[in-house]
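Numbering follows our numbering, with no gaps: position 86 of the sequence shown is 87. For each residue, glycine too, the CB sits at the ideal point set by N, CA and C. The structure under discussion appears below in the form of C-alpha cells.
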Amino acid sequence: MPFSALGLSGPLLRAVAARGYSTPTPIQSAAIPAILRGGDVWASARTGSGKTAAFVLPILQLLGDEPRRRGRFVRALILVPTRELAAQIGEAIRHYGSHLPHPLKALSIFGGVSINPQMLALGGGADILVATPGRLLDLMERNALSLAMVSALVLDEADRLLEAGFSEELGRILSQVPARRQSLLFSATFPPAVQALATGLLRDPVRLEAPSAPGSQPDIVQRVIEVDAPRRAQLLRHLIQENQWTGVLVFVATKYATEHVAQKLRQAGIVATALHGDLSQGARSQALADFKAGHVQVLLATDLAARGIDILRLPVVVNFDLPRSAVDYTHRIGRTGRAGETGLAISFVSAATHAHFLLIEKRHNLALPREEIRGFEPVETEVPAPPTGGIKGRRKSKKDKLREAMSMTKRHLTSPLRRRS
Ligand code: AMP
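What follows is the structure, encoded as C-alpha cells:
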C-alpha cells in the first residue's frame, strides 16, 4: 500500500517523499488510518519500526485542521522516557511538518538543561509538546503551560516510561489532561504494568501488533561470543579493527566502564567516546551528534543514555556487559537493523554470565550458537556457588567466609553422628 492510500494530506505526503520513504512500514499502514479516524490506539511496535511517523503524521494532519487557542494551551502531548527521544521526536515533527501551509508550533522539553528558555518558548502555548514527565511537571507547577485543551495524548515507549520509575508522575500528568481526548499508546513490550496503564488510559482502542521478539527480526543477526571477562576490551578492539566496523554502539554496565573502555580503545587509535547519565546534557547531545555524524566510531553507553535513540545506519551493537533483563536485550539490539537495514548484535558471555544469558535466550525462545575467537578462547571456568549461597564467580568476602564457617559448625553440631553421642 502506498503512503497516498493512507488518507494523509498533500503537504504531509510531500514531506514523507522528501525524507525518501517510498512505502509505509507495517505499523504506519495500520496506525495512520486508525489515528486519522480519531479513535484510541494501542500499538505494540518495536524500536526501529517507524513508529514515530506512525503517530506524528496523523497528529499533524488532525491538528492542522483546527487553529490554536490563545493562551498557554498545549494541543497534543507526547510523553517520552528520555531527553534524547524527546529531542529526536521534536526533530521528526519539524521535518514532517515542514510543508504544511500553516506551520505548527512544536517544542521538546526535558530536564538536564536550564528551564528558563523552555518557559519562554512556551509563551503562547504550543501545538505539540514532546516532554519527559519530570520536566513537564516542573513547568506545570510554574504555570508555564496548561494541559486543559489537550486533544491528543501519546505515550511513547510506555514500557520504558514505567520502568524508568515515572508511574507516579504519569498519574499526576494524566489527571490534568481532559477525559475527552484521543490517546495513543506505543510500547515495544507489554509487561503487566503497561497493560494496567493501557486499560486505565484507553477507550475502546484499536489493537495493533507489530512483531517485537528479536527472533522475529530477521534483519538483526545475533551472535554470542564466549570470552573471559578481563579480556573483553581487547577482544572488542580486535573485532573493531579486524572487521573495520564503522559504527559500533557498545553497552556496558556502569558509567565508569563507559569511560574506562573508551579510553582503552582510544589508546589503540580508535575514535571512541562515552555516553552516560553523569555527563551534562550538552556533552550527551554532543557525543550522540558526533556518533550519528560518523565523527566517532565507537560509542560506549549505559542503558540509561541509550534508550530510544535512533541512529540511522548503525551496523553493530555489542553487549559488552549483558543487559539485566530479556526486555532490555530487545531494546538494545533494536538499536541496529532499523527500518529495513541489516544489523549485527554481538553479546559477550563469560563463565560468570553464561547462566544469565541462557535465561535471556529462554525468554525469547532462542538458542544461539556460542563462538570463540582465535586468540581469545576462554580459560575461566565457572566458580561453583559456595554452600552459603554467595554470588557466582565472585571472590569470597570476609562475611561470606564467616557465614560459611558458621554453617559448617551448625551442620557439624546437628549431624546424626553428633546427636547420637
Ligand atoms: P522509529 O521506529 O520511528 O524510530 O523509526 C526508525 C527509522 O526508520 C527512522 O530513522 C526513520 O527515519 C525511518 N523510517 C520511518 N518510516 C520509514 C519508511 N516508511 N521507510 C523508510 N524508513 C522509515
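Quick one: does the C-beta of K363 sit closer than 8 angstroms to a heavy atom of the ligand AMP?
No, the beta carbon of K363 sits no closer than 8 angstroms to any heavy atom of the ligand AMP.
Does the Cβ-Cβ distance between G113 and R73 come in under 9 angstroms?
In this structure, R73 does not lie closer than 9 angstroms to G113 by Cβ.
For L323, the three-state DSSP class (helix, strand or coil):
If DSSP states are grouped into helix, strand and coil, L323 belongs with coil.
Candidates D322, T331, A44, F56: which alpha carbon is nearest E227's?
Of D322, T331, A44, F56, the residue nearest in Cα terms is D322.
If you compare alpha carbons, which of I174, S30, A230 is closest to I379?
Note that residue 379 is Pro in the sequence shown here, rather than Ile. Measuring from the Cα of P379, the nearest candidate turns out to be A230.
Element boundaries [alpha helix (DSSP H), containing L14]:
Residues 11-19.
Segments of 4+ residues assigned as alpha helix (DSSP H) that fall wholly inside the stretch 47-114:
Taking only runs of at least 4 residues, the alpha helix (DSSP H) segments lying wholly in the stretch 47-114 are 52-65, 84-97.
Opposing strand residues paired with G344 [DSSP bridges]
G344 is bridged to I221.
Given 8 angstroms as the limit, tell me if A87 has its C-beta closer than that to any heavy atom belonging to the ligand AMP.
Using a cutoff of 8 angstroms, the CB of A87 does not count as near the ligand AMP, since none of the ligand's heavy atoms is closer than that.
Quick one: measure Cβ to Cβ for F252 and A284, integer angstroms, because I've assumed they're closer than 8 angstroms.
Actually they do not touch by this definition, with Cβ atoms about 19 angstroms apart.
Assuming contact is defined by CB atoms lying nearer than 9 angstroms, are L171 and W43 in contact in what I supplied?
No.
Is Q268 helix, strand or coil when you go by DSSP?
Three-state DSSP puts Q268 in a helix.
I need the boundaries of the beta strand (DSSP E) containing S45, first residue and last residue.
It spans 42-45 - the beta strand (DSSP E) in which S45 sits, taken as one unbroken run.
Have a look at S147 and P316 and give me their C-alpha separation to the nearest angstrom.
Those two C-alpha atoms are separated by around 42 angstroms.
Using 8 angstroms as the cut-off, classify the Cβ of G201 as near or not near the heavy atoms of the ligand AMP, replying yes or no.
Incorrect: G201 has no Cβ contact closer than 8 angstroms to the ligand AMP.
Which of helix, strand or coil DSSP assigns to A149
In the three-state DSSP reduction, A149 falls in the coil class, being neither helix nor strand.
Cutoff 6 angstroms; reference E260; Cβ partners in own chain excluding five residues on either side
Around E260: A275.
Quick one: what's got a C-beta closer than 8 angstroms to Q298's C-beta in the same chain, skipping five residues either side?
Once the five neighbours on either side are set aside, the close Cβ partners of Q298 are I241, W246, T247, G248, V249, I271, V272, A273.
What number of angstroms, rounded off, separates the C-alpha of P3 from the C-alpha of A18?
C-alpha of P3 to C-alpha of A18: approximately 11 angstroms in a straight line.
Work out the CA separation of V225 and A353 for me, nearest whole Å.
Distance between the alpha carbons of A353 and V225 is about 15 angstroms.
For F56 and Y97, the rounded distance between their alpha carbons
Their Cα atoms are separated by approximately 11 angstroms.
In three-state terms, what does DSSP make of G391?
The predicted model places G391 with a pLDDT of 39, which falls under 50 and marks its position as unreliable, so this point remains unresolved.
Report buried or exposed for N144, applying the criterion of at least 16 other Cβ atoms within 10 angstroms of its Cβ.
Looking at its Cβ environment, which holds fewer than 16 other Cβ atoms inside 10 Å, N144 is exposed.
Sequence-distant residues of the same chain with beta carbon closer than 8 angstroms to G21, five excluded per side
Excluding residues within five positions, none has a Cβ falling inside 8 angstroms.
Less than 9 angstroms between the C-beta atoms of S326 and I361, yes or no?
Cβ distance < 9 angstroms, so S326 and I361 count as in contact.
Report yes if the C-beta of T83 is less than 8 angstroms from at least one heavy atom of the ligand AMP; otherwise report no.
No - the ligand AMP has no heavy atom lying nearer than 8 angstroms to the Cβ of T83.
Since D128 and L162 are thought to touch, with beta carbons under 8 angstroms apart, how far apart are those beta carbons, to the nearest angstrom?
With 8 angstroms as the limit, D128 and L162 do not qualify as a contact, their Cβ atoms being about 22 angstroms apart.
Using 10 angstroms around the beta-carbon of S217, count the other beta-carbons present and answer buried if the total reaches 16, otherwise exposed.
Per-residue confidence for S217 stands at a pLDDT of 43, beneath the threshold of 50, marking its modelled position as unreliable; the derived number appears in the next sentence. Here S217 is exposed. Its C-beta has fewer than 16 other C-beta atoms within 10 Å.
In the DSSP assignment, what residue or residues form a beta bridge with R208?
Bridge partners of R208: W43.
Give me the Cα-Cα distance between H296 and A263, rounded to the nearest whole angstrom.
Approximately 15 angstroms between the Cα atoms of the pair.
Determine the contact status of S45 and T26, defining contact as a CB-CB distance below 9 angstroms.
9 angstroms or more divides the Cβ of S45 from the Cβ of T26.
DSSP three-state call for S351: helix, strand or coil?
In the three-state scheme derived from DSSP, where H, G and I count as helix and E and B as strand, S351 is classed as coil.
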